[in-house]
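The structure appears right after this line, and notes come after that.
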Amino acid sequence: MVGNTRSSAALSRTALPLLVLLAATLLGTTAAGKRNKNAAVATQDEQPDPYTVLEVGREATEAEIKKAFRKLSIKNHPDKGGDKAIFQKIQRAYEILSNEELRMVYDHAGHEGLDQHEKGQNAPASPFDAFFGGGQQRGVNKGPDAKVEMQVTMEDMYNGNDVSMSIKRRVVCRQCKGKQTWSTEPCRECGDCPPEIKMVQQQVAPGFVVQQQQQVPSEYRCKNEPKELKVTVEKGSPDGHEVRFKGASEQSPGQVPGDVVLGLKMKSHPVFTRKGNDLHMTMEISLKEALTGFTRTVKQLDGREITVEEKGITGPYSTKVVLGEGMPVHGVPSESGKLKIQMKVKFPKSLTPDQVEQLRTLLP
């Protein structure tokens with residue numbers, strides 16, 4: 090046992106200097122990398138805004154982006170006398186904006202974040218973590234989700250419809266990084282952004298560096314702008330049905346925007362009430378109709394006229410059920426619930442003596 094202990098101690102004395110040397114080398118590599126990164130900042134800042142390149146707004150649809158790309162690529166194609174550098178910028182801008190994931194990364198992290206995303210950088214917290222196997226994967230810094238409510242009609246939920254609403258949200262002015270840009274024309278309408286949480290390195294011992302979170306003022310500017318939310322209300326959507334818009338919530342520098350969760354709130358209807366997939370209504374009939382039968386029509390939510398007929402006696406507050414005339418079943422629109430009609434008999438306020446006598450004769 091003693092021999093084994095001495096061998097282990099000797100191995101530790103031999104291996105430790107090698108570990109420290111390798112860690113120091115990694116630290117030097119990191120410092121050099123930082124110098125190279127700082128030298129490249131100016132180059133990154135000079136990368137053009139893809140929205141500006143394609144001459145589209147930040148809320149441009151996929152079709153609008155594709156149309157703008159086709160127009161500009163034809164105009165600036167090198168085979169037709171166009172400038173090759175401009176054509177490459179157009180191609181790169183379209184590559185970013187036509188890809189939903191790349192577009193979202195650019196919108197919240199700019200070119201720097203886009204470069205890191207495309208290179209798949211996932212460096213550990215420090216060089217020591219790389220060597221000693223430490224450094225857990227850091228979670229994504231994502232902002233909170235925002236919940237909003239949109240009122241839709243019962244007709245929308247019965248037939249299906251495309252609706253939209255506009256919200257105000259904070260966005261980062263991506264062209265306004267650094268105080269030297271704040272007085273330029275695109276940045277004058279922008280204001281302060283929330284402080285950023287950044288990881289800073291701090292030396293706690295010779296050759297040993299740790300990373301700590303620190304709140305710092307943002308280099309960017311922010312502003313409020315409208316965001317249109319377009320929703321397809323599916324047939325039979327339940328009241329309170331939620332539609333999620335990924336990354337559409339408020340933006341902050343260095344943070345992935347949260348989602349906007351839109352809840353569909355059904356407006357009340359003058360005729361129908363809804364309970365699950367069934368529709369309920371009240372129909373008022375006269376005493377004569379209750380005793381002798383009736384034929385009525387009900388206007389359905391899609392405009393059709395439904396015939397409701399009874400040839401026998403209808404009791405007060407009895408319910409007549411019409412199969413297949415309720416709400417469409419969400420996800421299975423070929424199936425529908427029931428229409429339940431509660432019958433309300435309207436009695437006369439008074440009868441003449443002759444009417445009373447006739448009723449006594451006719452009724453058992």
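Count the sequence shown with the working numbering and you get residues 90 to 453, in order. Glycine included, each C-beta is placed from N, C-alpha and C at the ideal position.
- In the pairwise beta carbon analysis, the region 322 to 330 is classified as not touching the region 266 to 278: fewer than three pairs are separated by under 8 Å.
- Inclusion of M355 and M254 in the CB contact set at 8 Å is not warranted, their separation being larger than that value.
- For the pair E378 and I395, the CB atoms are not nearer than the 8 Å cut-off.
- Rounded to whole angstroms, the Cβ separation of Q340 and R259 is 6 Å, and the two are in contact under 8 Å.
- Under the three-state reduction of DSSP, S162 is assigned to helix.
- In the same chain as L380, and ignoring 5 residues on each side of it, the C-beta atoms closer than 7 Å to its own belong to I402, in chain order.
- Residue burial annotation: M243 is buried, with at least 16 other C-beta atoms found within 10 angstroms of its C-beta.
- Taking C-alpha positions only, V293 is separated from Q301 by approximately 11 Å.
- Note that the C-beta distance between K427 and V411 is below 8 Å.
- DSSP lists V261 and G280 as the bridge partner or partners of C311.
- For H369, the three-state secondary structure derived from DSSP is strand.
- For the options V298, V299 and C279, the alpha carbon positioned closest to that of K312 is the one of C279.
- The bridge partners DSSP lists for T384 are E398.
- In chain order, C276 place their CB closer than 6 Å to the CB of T270, counting only its own chain and leaving out the 5 sequence neighbours on each side.
- Bounds of the beta strand (DSSP E) holding M355 are V349 to M355.
- In this structure, G199 is the residue among Q389, D251, L452 and G199 with its C-alpha nearest to the C-alpha of V345.
- Ranked by Cα distance from P283, the first of K208, T273, E308 and Q290 is E308.
- Along the region 157 to 204, the alpha helix (DSSP H) occurs as fully enclosed runs of 4 or more residues at 173 to 186, listed in sequence order.
- About 6 Å separates the beta carbons of S162 and I179, which is inside the 8 Å limit, making them a contact pair.
- In the three-state DSSP reduction, T242 falls in the coil class, being neither helix nor strand.
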